[in-house]
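Peer 1: One structure follows; several queries about it will come next.
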Amino acid sequence: MLDLWPSALVELTPDEWTAIWLSLKIATVATLASLPLGIFAAYLLARSQFPGKTLVNGLVHLPLVLPPVVTGFVLLLLLGRKGLIGAYLAEIGIVFSFRWTGAAVACAVMGFPLMVRAMRLSFESIDRRLELASETLGANRLWTFFMVTLPLSTPGVIVGSIMAFAKALGEFGATITFVSNIPGETRTISAAIYSYTQVPGGDENALRLTLVSVFIALFALVASEIIQWRAEKRLGSVE
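Taking the working numbering, I'd label the letters of the sequence shown as residues 38 to 276.
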């Protein structure tokens, strides 16, 4: 029997702390970088009708149903040093493959559908009469979006961001395929747990990081539920 609690966090090794902080950094960068595009995609799907909308919606949610390894391989084909786009980026010194920035890209792609879904539901729940009233008073569509629509959808934006952040923390398949498992560079919590399970005597280290991962993920999910509840309560009071 492993005696890991409550001394688990105290006994974390420097390499394990590095994996934790690297995971937090990658998840944060992935979430912030994808946030503007997520808001745009969610608003577009919620408010616009255009040819190919079903296809766009399918592409947005494709990472949810594809095996993560497939997503990672596609990223490698596109953004690797010899990829369709990566080859040109490498010429100007921008390299994603086998670097932590590439891990952030992979995590952003995997968390993007969860982000867009939460935001889209929030946009769709807004009473269109409020937006029409703003336009009637002389505001253009862009001004209405920033002054009316976006503030009202803030809870959904926050929930979507938290869900994407939690997904990024637990991402493994796409990242290890695209950026490998390099200590101090791309070895996140998930990759470190996998590495520990592959060596004799690594179970205790793996279990410590598992406890950390469960704690962070649970905290993120509880936070999203609380925000969602408060949002529904506020919308109910408005109605």
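Glycine is no exception: its CB is placed at the ideal position from the N, C-alpha and C atoms.
Any idea if Pro43 is buried or exposed, counting beta-carbon neighbours within 10 angstroms, 16 or more meaning buried?
Peer 2: Stepping through the sequence shown from its first residue, residue 43 is reached at position 6. At Pro43, the pLDDT of 48 sits below 50, so the modelled position is not reliable; the number obtained from the coordinates is stated separately. Looking at its Cβ environment, which holds fewer than 16 other Cβ atoms inside 10 Å, Pro43 is exposed.
Peer 1: Are there 16 or more other CB atoms within 10 angstroms of the CB of Val102, so buried, or fewer, so exposed?
Peer 2: Taking the first residue of the sequence shown as 1, we reach residue 102 at position 65. Val102 is exposed by the Cβ-count criterion.
Peer 1: Of all the alpha helix (DSSP H) runs that stay within the bounds of the segment 59-109, which reach a length of 4 or more residues?
Peer 2: Correct list: 90-102.
Peer 1: Thinking C-beta only, is Ser71 closer than 7 Å to Leu206?
Peer 2: Taking the first residue of the sequence shown as 1, we reach residue 206 at position 169. Taking the first residue of the sequence shown as 1, we reach residue 71 at position 34. No, they are not a contact pair.
Peer 1: Between the beta-carbon of Ala145 and the beta-carbon of Ile63, is there less than 7 Å?
Peer 2: Position 108 of the sequence shown, counting from 1, holds the residue named residue 145. Position 26 of the sequence shown, counting from 1, holds the residue named residue 63. Not in contact: Ala145 and Ile63 (Cβ atoms no closer than 7 Å).
Peer 1: Take Leu189 as the anchor and find which of Gly139, Thr223 and Lys270 has the nearest alpha-carbon.
Peer 2: In the sequence shown, the residue the question calls residue 189 occupies position 152. Checking every option, the nearest Cα to that of Leu189 belongs to Lys270.
Peer 1: Between which two residues does the alpha helix (DSSP H) harbouring Phe215 extend?
Peer 2: Stepping through the sequence shown from its first residue, residue 215 is reached at position 178. Start and end: Gly210 to Val216.
Peer 1: Which same chain residues, not among the five before or five after Phe135, have their C-beta less than 6 Å away from its C-beta?
Peer 2: Position 98 of the sequence shown, counted from the start, is the residue given in the question as residue 135. Closer than 6 Å at Cβ, skipping near neighbours: Val216 and Ser217.
Peer 1: Measuring only the C-alpha atoms, how far is Thr121 from Gly130?
Peer 2: Here residue 121 is taken as the residue at index 84 of the sequence shown, counted from 1. Here residue 130 is taken as the residue at index 93 of the sequence shown, counted from 1. The question names Thr, but residue 121 in the sequence shown is Leu. Roughly 15 Å separates the two Cα atoms.
Peer 1: Residues in the same chain with beta-carbon distance under 8 Å from Gly210, minus the five sequence neighbours each way, listed in chain order, please.
Peer 2: As a working mapping, residue 210 is identified with position 173 in the sequence shown. Hits under 8 Å: Pro104, Pro105, Val106, Thr108 and Gly109.
Peer 1: Just the C-alpha distance for Val275 and Asp164, rounded to the nearest angstrom, thanks.
Peer 2: On the sequence shown, position 238 is the one that residue 275 refers to. On the sequence shown, position 127 is the one that residue 164 refers to. Summary for Val275: the model assigns pLDDT 49, below 50, so the residue's position carries little reliability; its value from the coordinates is reported in the next sentence. Straight-line Cα distance between these residues: approximately 10 Å.
Peer 1: Quick check on this structure: which residue in Ser198, Leu167, Glu172 and Arg178 has the alpha carbon closest to the alpha carbon of Pro150?
Peer 2: Position 113 of the sequence shown, counted from the first residue, corresponds to residue 150. Per the Cα distances, Ser198.
Peer 1: At which residues does the alpha helix (DSSP H) containing Glu161 begin and terminate?
Peer 2: Within the sequence shown, residue 161 is the residue found at index 124, counting from 1. Here the alpha helix (DSSP H) through Glu161 covers Trp137 to Glu161.
Peer 1: Quick check on the DSSP output: what are the complete beta strand (DSSP E) runs of length 3 or more inside the segment 182-243, in order along the chain?
Peer 2: Whole beta strand (DSSP E) segments, 3+ residues: zero.
Peer 1: Between Leu96 and Val259, what straight-line distance do the alpha-carbon atoms span, to the nearest angstrom?
Peer 2: Position 59 of the sequence shown holds residue 96. Position 222 of the sequence shown holds residue 259. Spanning the two alpha carbons is a distance of roughly 29 Å.
Peer 1: Quick check: what's the CA-CA separation for Gln265 versus Ala155?
Peer 2: By 1-based counting over the sequence shown, the position of residue 265 is 228. By 1-based counting over the sequence shown, the position of residue 155 is 118. Approximately 10 Å, taken between the alpha carbons.
Peer 1: Out of Val251, Ile76 and Thr91, which one is the CA nearest neighbour of Phe182?
Peer 2: Mapped onto the sequence shown, residue 182 falls at position 145. Measuring from the Cα of Phe182, the nearest candidate turns out to be Ile76.
Peer 1: According to DSSP, is Phe252 helix, strand or coil?
Peer 2: Locating residue 252 in the sequence shown gives position 215, counting from the first residue. Phe252: helix per DSSP, three-state reduction.
Peer 1: Could you check how far apart the C-beta atoms of Arg178 and Glu172 are, in whole angstroms? I think they sit under 8 Å.
Peer 2: Position 141 of the sequence shown, counted from the first residue, corresponds to residue 178. Position 135 of the sequence shown, counted from the first residue, corresponds to residue 172. Correct: roughly 7 Å between the Cβ atoms.
Peer 1: Who are the Cβ neighbours of Ser227 in its own chain at under 7 Å, not counting the five residues just before and after it?
Peer 2: To locate residue 227, count along the sequence shown from 1; it is residue 190. Contacts found: Gly207, Glu208 and Phe209.
Peer 1: Classify Glu48 as helix, strand or coil using the three-state DSSP reduction.
Peer 2: Position 11 of the sequence shown, counted from the start, is the residue given in the question as residue 48. Coil.
Peer 1: Would DSSP call Ala176 helix, strand or coil?
Peer 2: For the purposes of this step, residue 176 is taken as the residue at position 139 of the sequence shown. Three-state DSSP puts Ala176 in coil, outside helix and strand.
Peer 1: Below 8 Å on the Cβ atoms is my contact criterion, and I expect Ala143 with Leu112 to pass it. Report the Cβ-Cβ distance as a whole number of Å.
Peer 2: Locating residue 143 in the sequence shown gives position 106, where the first residue counts as 1. Locating residue 112 in the sequence shown gives position 75, where the first residue counts as 1. That pair is a contact at about 6 Å.
Peer 1: Using the C-alpha atoms, what's the distance from Asn94 back to Ala79?
Peer 2: As a first step, residue 79 must be located in the sequence shown, where it is residue number 42. As a first step, residue 94 must be located in the sequence shown, where it is residue number 57. Roughly 9 Å separates the two Cα atoms.
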